[in-house]
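I have placed the structure first, in the form of structure tokens, so that the comments after it can refer back to it.
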DNA sequence: CTCGGTTTGTTCCCACGTTCACAAACTCCT
DNA sequence: AGGAGTTTGTGAACGTGGGAACAAACCGAG
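Protein chains in written order, with my numbering: chain V, 187 to 399; chain R, 187 to 399.
Here's what the structure looks like:
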């Protein structure tokens, strides 16, 4: 489920707050979801709660981590070291959660050799060797849209089966390869869409609630 | 609908490829969705297609842009000029689609005054004045998680009603305010989850398809 | 030991979104 | 003009996910 990471973060928050146990109601509100939904999600992993008591924070934290696969180490390569690639390479949220950036690649020779987040940017041609050496399973694409599909194909060819794509293009991959897309400008466009509808609603029904003649 | 931006990008691609008209099938495959779904989505905006012919690329492009609200100009403020804030400020995908970054804010005095993407980083205290002056409706939060809720509250207080949140925390907002969350590490965790399941499947059924004894 | 209060796990139901399938409508060719 | 071919728009079935409600199970007090 896509909500497990949210639950895990909420649990970490409760843990830091000193909670040894928590009810589904508490955890649900911390995660911003319905308590019934949370219980149903957790029950898919197994019966880790105690009726009349709740969930043991520490135990549930471990179980979710294990379910997601955070108890093991995930080597990651980032391709495309522009503004976004820089930010991703430096993002502490990755390394602190079991993800280890093993290489930064860029096709531009001018970028190669520069030091970013303690790693030297290497040539995109080294992808195959790096993936084989570190058993990389996850690749991140932070290139311009024009290069994304060819980078994606190369990743798949090298054996990568999970790709996080920040380039604003739909990528086609063979079956068995997972893609998740993060499209920054789409997010803003969706907000603008809702904002426009809110503005239109305001125009017909102003703050006082009276419809203008 | 959250798919309109995807359709719009696919249309732009077809436009650059020189297509004057396109069928729902073509557009759907370019956008990576089912053609029936695409037709139903578009029919919600109005009857912009011609039976037996398809959709006029240019006309449909304009209609979707208008529906999303991209024909108008959306001023945006970005709060938190760390690695991610830098990348967002420099991201060309925003400015090229009707979004105009009018201010970069940071609570850290050391950041204030530095030039990022041609804009001087200003103090977070100026939020109210900037929002009022530029009629800002959209805010972007790129701060650490610990500061996100207070920044969010300040944005709402200043009149912002649409927020794009990159901080790894669930934010609570009053009704009428829209939040979209982009959680980078969650995306990786979801990939890891699927990757782990794929690895487990491989272990039971190796490439040859034979179950080990 | 028993009883009341509490919380999980689960079942049922509803609503939404997706997909199939087809009628309506348009173009082109003869 | 008429028919064949094509493509949109939509009505109906389908499946999936969410929410409310309830039974089972646990704790603590007396």
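Just so you know, even glycine gets a beta-carbon here, dropped at the ideal spot from N, CA and C.
- Contact between residue 303 of chain R and residue 356 of chain V is absent: CB atoms are separated by about 28 Å, not below the 8 Å threshold.
- Against chain R, the CB of residue 272 of chain V has a partner CB under 8 Å away; the residue lies at that interface.
- The C-beta distance from residue 324 of chain V to residue 378 of chain R rounds to 7 Å, short enough to fall under 8 Å.
- When C-beta atoms of the segment 363-382 of chain V are compared with those of the segment 306-326 of chain R, three or more pairs fall below 8 Å, so the two segments count as touching.
- Interface criterion not met: the Cβ of residue 212 of chain R is under 8 Å from no Cβ in chain V.
- Around the CB of residue 252 of chain V, fewer than 16 other CB atoms lie within 10 Å, so the residue is classed as exposed.
- Within the segment 257-270 of chain V, the residues whose Cβ lies closer than 7 Å to any Cβ of chain R are, in chain order, 260, 269, 270.
- In this chain, the beta strand (DSSP E) harbouring residue 287 of chain R covers 285-292.
- Residues 287 of the same chain have their beta carbon placed closer than 8 Å to that of residue 281 of chain V, with the five preceding and five following residues left out of the count.
- When DSSP states are grouped into helix, strand and coil, residue 250 of chain R belongs to the helix group.
- Within the same chain, and ignoring the five residues on either side of residue 318 of chain V in sequence, the residues whose Cβ sits closer than 8 Å to its Cβ are 344, 345.
- Legend: CB atoms of the segment 275-304 of chain R lying less than 7 Å from CB atoms of chain V belong to residues 276, 277, 279, 280, 283, 285.
- Secondary-structure assignment with DSSP links residue 384 of chain V through no beta bridge to anything.
- DSSP places residue 317 of chain V inside the alpha helix (DSSP H), whose first and last residues are 313-320.
- Contact between the segment 267-278 of chain R and the segment 237-255 of chain R is absent: fewer than three C-beta pairs spanning the two stretches fall below 8 Å.
- In the three-state DSSP reduction, residue 204 of chain V falls in the coil class, being neither helix nor strand.
- Look at residue 376 of chain V here: in three-state DSSP terms it is helix.
- The CB of residue 254 of chain V comes closer than 9 Å to the CB of 375, 376, 378, 379, 382 in chain R, given here in chain order.
- Residue 310 of chain R and residue 352 of chain R have their C-alpha atoms roughly 17 Å apart.
- The bridge partners DSSP lists for residue 349 of chain V are V:325, V:365.
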